[in-house]
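The structure under discussion appears below in the form of structure tokens.
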Amino acid sequence: MLKDKNEEIEKLAEAKRVLTRRLEELESEIKLLRDCIRIVDEELVKRSFISANKLIEKRGVLGEGEKREVEYAKITYKDKEGERKIATIYFDEARKIMRIKVEEKIPSNAPLLQNFLINGVLEKMRMEDEGRVDRGEIKPEEALNYIIKKDGDYVNEIIVNNVMSEDRKIRIRNASKWTFTRLYEKIKGVD
Numbered sequence: 002m003l004k005d006k007n008e009e010i011e012k013l014a015e016a017k018r019v020l021t022r023r024l025e026e027l028e029s030e031i032k033l034l035r036d037c038i039r040i041v042d043e044e045l046v047k048r049s050f051i052s053a054n055k056l057i058e059k060r061g062v063l064g065e066g067e068k069r070e071v072e073y074a075k076i077t078y079k080d081k082e083g084e085r086k087i088a089t090i091y092f093d094e095a096r097k098i099m100r101i102k103v104e105e106k107i108p109s110n111a112p113l114l115q116n117f118l119i120n121g122v123l124e125k126m127r128m129e130d131e132g133r134v135d136r137g138e139i140k141p142e143e144a145l146n147y148i149i150k151k152d153g154d155y156v157n158e159i160i161v162n163n164v165m166s167e168d169r170k171i172r173i174r175n176a177s178k179w180t181f182t183r184l185y186e187k188i189k190g191v192d
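Numbering of the sequence shown is given in the numbering used here, commencing with residue 2 and proceeding in unit increments.
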């Protein structure tokens, strides 16, 4: 009887080891699949965004009921010499796309840009949405994602897709204003 009980315990322990190992393998596979989906999504966004722009250029005029992006905010810097436009933020309400067009030469690898705006705001929102996708709250194509376009070593524009809420729109606008203003001050040597 004791022998049977020990065998049963050993079988249960072995089953637990096998199940735990399999669970770890599946979790690793799920992570890899999520990374692949994210990469495919980013490529789809890049290509569809470019195609849409080309389509608009070819047609010249948008069809009835279609909306074009509108200027949402300006990022400026005022000093004794006047006001300088650092960037302009555009928003396309129909497609929920925010585009931050940078007018000044801002290095794309600037720590403030990377640590605050990109990692602290945009990446955090992207990860939140990734979690919402995992929980089935939103579809993958509804998750926030972003693209940073560069001109050499300088950031040219940041395109943020799926800005679904007014709160996020305001947070991105405010973070962009703060970041680009501080970067401009730093580049120009203003204290």
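Positions of the beta carbon are idealized from the N, C-alpha and C atoms, including for glycine.
My output table needs one value for residue i: the three-state DSSP class, helix, strand or coil.
i	result
A53	Low confidence applies to A53: its pLDDT is 47, below 50, so where it sits in the model is not reliable, and the reading given next is rough at best. Reduced to three states, the DSSP call for A53 is helix.
I171	helix
R69	coil
D154	coil
Is the separation between the beta-carbon of residue i and that of residue j shorter than 8 angstroms?
i	j	result
S76	T182	First, the residue type needs correcting, since residue 76 is Ile and not Ser in the sequence shown. Yes; because the gap between Cβ atoms is below 8 angstroms, this pair is in contact.
I40	P141	no
I149	S109	yes
Considering only heavy atoms of the ligand ZN, does any lie closer than 7 angstroms to the CB of residue i?
i	result
E43	The ligand ZN is not part of the structure shown, which contains no ligands of any sort.
Is it right to say residue i is buried, meaning 16 or more other beta carbons lie within 10 angstroms of its own, or is it exposed?
i	result
L193	There is no way to answer for residue 193, as the model of the chain reaches only from 2 to 192.
L145	buried
I10	exposed
Taking 6 angstroms as the limit between beta carbons, can you name the residues of its chain near residue i, skipping five residues before and five after?
i	result
E58	In this prediction, E58 scores a pLDDT of 47, lower than 50, which makes its location untrustworthy; the coordinate-derived value is nonetheless stated afterwards. Hits under 6 angstroms: none found.
V122	A176
V62	Residue placement at V62 is poorly supported in this model, since its pLDDT is 46, which falls under 50; the coordinates are not used for a value here.
K178	I76
I139	R133
Quick one: what's got a C-beta closer than 8 angstroms to residue i's C-beta in the same chain, skipping five residues either side?
i	result
V103	I87, A88, Y155, V156, N157, E158, I159, F181
Under 7 angstroms Cβ to Cβ from residue i, same chain only, skipping five residues before and after it: list those, please.
i	result
N7	none
N163	K97, E143, A144, L145, N146
* Decide if the region 81-88 is in contact with the region 123-137; the criterion is three or more beta carbon pairs, one per stretch, under 8 angstroms apart. => Using a C-beta cut-off of 8 angstroms, the region 81-88 makes no contact with the region 123-137, since fewer than three inter-stretch Cβ pairs fall below that distance.
* Can you find at least 3 beta carbon pairs, one from the region 5-15 and one from the region 103-119, that sit closer than 8 angstroms? -> The region 5-15 and the region 103-119 do not touch, with fewer than 3 CB-CB distances between them shorter than 8 angstroms.
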